[in-house]
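Visitor:
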Amino acid sequence: MSSRIRLFAEQITEQKIIWWKDRKLLAGVILVVSSFILGFYGKVLFITKFYEPIYLITSLSIWAFSFILLFAGVFLVGWETVRMIQYSIHNHVRRTVKDTYQYTKGLPKKGYSYTKELHKKSMAKIKKSMAKK
């Protein structure tokens, strides 16, 4: 294998993405979970302290902040998931191409040996029929 091909193969080979070790993905999941907790707390505070204005403003602020956290978390989780899916598709295509190449590489040899055997059999039959006459 030439050095150019080897260099290209090394560039293609990437580290497998492990979701629990990916910091952005974990940060996104934590943001989403915390936004649900804050949103639920804001709703409960809004319902229980509806007639007190300071709690009403506080609960609505917490609830709005939970949406900001939710969108940030979904954004982080979404991009990391897209990256994982692209990596998975890339590896699957690369493996399939490699296997297909290895399979088709052997086809001419198989065809040549099959044709050679067929030729030998037919020549043997011809010799046998010529010997009978």
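Each residue of the sequence shown is one higher than the last, beginning at 439 in our numbering. Where a beta carbon is used, it is the ideal one built from N, C-alpha and C, also for glycine.
Does DSSP classify Phe474 as helix, strand or coil?
Guide: Counted from its first residue, the sequence shown places residue 474 at position 36. Three-state result, Phe474: helix.
Visitor: Specify, as a first and last residue, the run of the alpha helix (DSSP H) that Asp537 falls within.
Guide: Residue 537 sits at position 99 when you count from the first residue of the sequence shown. Run containing Asp537: Pro491 to Lys570, per the alpha helix (DSSP H) assignment.
Visitor: Would the region 485–497 and the region 529–542 be scored as touching if the rule is three or more Cβ pairs under 8 angstroms?
Guide: These segments do not touch.
Visitor: Can you find the residues in the same chain that come closer than 7 angstroms, C-beta to C-beta, to Leu445, ignoring five residues on each side of it along the sequence?
Guide: What you label residue 445 is simply residue 7 of the sequence shown in a count that begins at 1. Confidence at Leu445 is low in this model, with a pLDDT of 48, below 50, so the placement of that residue is unreliable and no value is reported for it.
Visitor: If you count every other CB in all the chains shown that lies within 10 Å of the CB of Glu610, and 16 or more means buried, which is it?
Guide: Within the shown structure, residues of the chain are numbered from 439 to 571, placing residue 610 beyond reach of any answer.
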